[in-house]
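Written out below as structure tokens is the structure these notes cover.
Number of protein chains: 2
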Amino acid sequence: MDAQPRWLDPEQKAAWDSFIRMQETLIGRLSRRIQADSSMSAADYIVLVSLTERGGGRLRFLDLAKLVEWEKSRMSHQVTRMAKRGLVAREECPDDGRGAFVVATPAGYKAIEEAAPQHVEHVRRLFVDALTPHQLSTLGRLSQRVLDHMEKQPD
Amino acid sequence: MDAQPRWLDPEQKAAWDSFIRMQETLIGRLSRRIQADSSMSAADYIVLVSLTERGGGRLRFLDLAKLVEWEKSRMSHQVTRMAKRGLVAREECPDDGRGAFVVATPAGYKAIEEAAPQHVEHVRRLFVDALTPHQLSTLGRLSQRVLDHMEKQPD
DNA sequence: CCCGCCAAGTTGATGCATCAACTTGATGAA
DNA sequence: TTCATCAAGTTGATGCATCAACTTGGCGGG
Numbered sequence: 118m119d120a121q122p123r124w125l126d127p128e129q130k131a132a133w134d135s136f137i138r139m140q141e142t143l144i145g146r147l148s149r150r151i152q153a154d155s156s157m158s159a160a161d162y163i164v165l166v167s168l169t170e171r172g173g174g175r176l177r178f179l180d181l182a183k184l185v186e187w188e189k190s191r192m193s194h195q196v197t198r199m200a201k202r203g204l205v206a207r208e209e210c211p212d213d214g215r216g217a218f219v220v221a222t223p224a225g226y227k228a229i230e231e232a233a234p235q236h237v238e239h240v241r242r243l244f245v246d247a248l249t250p251h252q253l254s255t256l257g258r259l260s261q262r263v264l265d266h267m268e269k270q271p272d
Numbered sequence: 118m119d120a121q122p123r124w125l126d127p128e129q130k131a132a133w134d135s136f137i138r139m140q141e142t143l144i145g146r147l148s149r150r151i152q153a154d155s156s157m158s159a160a161d162y163i164v165l166v167s168l169t170e171r172g173g174g175r176l177r178f179l180d181l182a183k184l185v186e187w188e189k190s191r192m193s194h195q196v197t198r199m200a201k202r203g204l205v206a207r208e209e210c211p212d213d214g215r216g217a218f219v220v221a222t223p224a225g226y227k228a229i230e231e232a233a234p235q236h237v238e239h240v241r242r243l244f245v246d247a248l249t250p251h252q253l254s255t256l257g258r259l260s261q262r263v264l265d266h267m268e269k270q271p272d
């Protein structure tokens, strides 16, 4: 009944395997580094970077969620945890009774300002420095191409 | 005191951002697909593939963990969950009283045999088909290069 | 006005990831 | 033999991710 599965050919499979292993290793090492260097999680880091650098330290809940491309539920749980640790605070929105702002606290600013340079160093050391500038830009271009392709595809 | 942080230059940052977004989107969509198609998690899938295709359906615990490059604790929890769902079973090791085998059950085989072709189709559709063969092999080569580089780096 | 609908955000349940602490069995040296 | 040590695997605690169900407030039409 079914068509034969169309497996990847050896070259395709090798490329896919390398990509997957690289990506897992890299992300794993970077997150563990963030944790160890700053006692923040990778999720904390992303949220604080977006909030402070792109949102000026204060954003509506859903704007923040869109910025990092997270579901609102994920963000809500995350903000709850971060608020418990004092990295951000929730504030009411006067314009919209349902709404909420997320605000970076001074401790949040301090944490991100300390963590960011270290994180960048690790990105450099593990990733950027592995490639020539030309190779790096090729990898970026190919990534963007895959992204563009995915956006045209159904889920 | 500290040296100025050496931020990424705009080209580097663009490449890094594209890579990160691509990788997150891709992995996210593929895992959700596996879940939806087969009611297995991505973790279940990886374990079953390794166990059946590379381990002949039966492996010592730590061999399996090494194969997928997981910590033993992670694998132990995962095997517990999978055993509860009937995908694998634990068996005692006669040679080594501490040891344990992990064995794929018939249900495990059935699950992976149904899931694998669909998964490959999604990898093709989202990733492989986004690139020309030449681009794909370039991406594979660059990934491998980053991997090799990371292996030489301390944690 | 009021009612249905939608938008914003929360909550609870479940599964996954990680770390540290623990148990138990193998092993080699005195 | 016996003891210290190490290897194999488990367990518990905690935080993160995802899904579905829920609450509350805004909004537009009758």
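Taken in order, these protein sequences are the chains called A and B. In the numbering used here, each number is its position in the first sequence, counted from 1, plus 117. In the numbering used here, each number is its position in the second sequence, counted from 1, plus 117. By construction, the Cβ of each residue, glycine as well, lies at the ideal position given by its N, Cα and C atoms.
Proximity of residue i and residue j at Cβ, strictly below 8 Å
i         : j         : result
Glu-242/A : Cys-210/A : A small fix is needed here, since residue 242/A is Arg in this sequence, not Glu. No.
Leu-165/A : Ala-217/A : no
Arg-202/B : Val-219/B : no
Val-196/A : Ser-167/A : no
Cβ-based burial, residue i [other Cβ within 10 Å; buried from 16]
i         : result
Asp-161/B : buried
Gly-133/A : The question names Gly, yet the displayed sequence has Trp at residue 133/A. Trp-133/A comes out buried.
Gln-121/A : exposed
Arg-150/A : buried
Leu-179/A : exposed
Gly-172/A : buried
Between the CA atoms of residue j and residue i - distance to the nearest angstrom
i         : j         : result
Leu-237/B : Arg-262/A : Reading off the sequence shown, one finds Val at residue 237/B, where the question assumed Leu. Taking the straight line from one Cα to the other gives about 20 Å.
Lys-269/B : Arg-258/A : 26 Å
Leu-253/B : Ser-260/A : 11 Å
Pro-234/B : Gly-174/A : 46 Å
Ser-156/B : Pro-223/B : 16 Å
Ala-247/B : Asp-265/A : 8 Å
Met-199/A : Leu-143/B : 27 Å
Phe-136/B : Phe-244/A : 11 Å
Met-139/B : Asp-154/B : 22 Å
Gly-225/B : Thr-169/B : 9 Å
Ala-182/A : Ser-193/A : 9 Å
Met-60/B  : Ala-131/A : Nothing can be reported for residue 60/B: it is not among the residues displayed for chain B, which extend from 118 to 272.
Ala-159/A : Val-205/A : 15 Å
Leu-256/B : Glu-141/A : 15 Å
Gln-152/B : Asp-212/A : 40 Å
Ile-163/B : Asp-272/A : 21 Å
Glu-188/A : Gly-214/B : 47 Å
His-251/A : His-251/B : 16 Å
Gly-145/B : Ala-221/A : 28 Å
Residue of the options minimising C-alpha distance to residue i
i         : options                                       : result
Leu-147/A : Leu-248/A, Ala-232/A and Gly-257/A            : Ala-232/A
Asp-126/B : Arg-150/A, Ala-206/A, Ser-167/A and Val-240/A : Val-240/A
Thr-249/A : Trp-124/B, Arg-123/B, Gln-129/B and Pro-122/B : Gln-129/B
Trp-124/A : Glu-230/B, Pro-271/B and Asp-272/B            : Glu-230/B
Review point. Which of the residues in the stretch 255-271 of chain B, read from start to end, lie with their CB under 7 Å from any CB of chain A?
Key: Thr-255, Leu-256, Gly-257, Leu-259, Ser-260, Gln-261, Arg-262, Val-263, Leu-264, His-266, Met-267 and Gln-270
Point to revise | Under 7 Å (Cβ pairs) to chain A, residues found in the stretch 127-138 of chain B | key: Glu-128, Gln-129, Ala-131, Ala-132, Trp-133, Ser-135, Phe-136 and Arg-138
Exercise for review: Residues of the stretch 216-239 of chain B with a CB closer than 8 Å to any CB of chain A: list them in chain order, please.
Suggested key: Ala-233, Pro-234, Val-237 and Glu-238
Practice item. Give, in chain order, every residue of the stretch 139-162 of chain A whose Cβ lies closer than 7 Å to some Cβ of chain B. Key: Cβ contacts with chain B: Met-139, Gln-140, Thr-142, Leu-143 and Arg-146.
Practice item. Check distances from the C-beta atoms of the stretch 178-189 of chain B to those of chain A and list, in chain order, the residues that come in under 7 Å. Key: Listed in sequence order: no entries.
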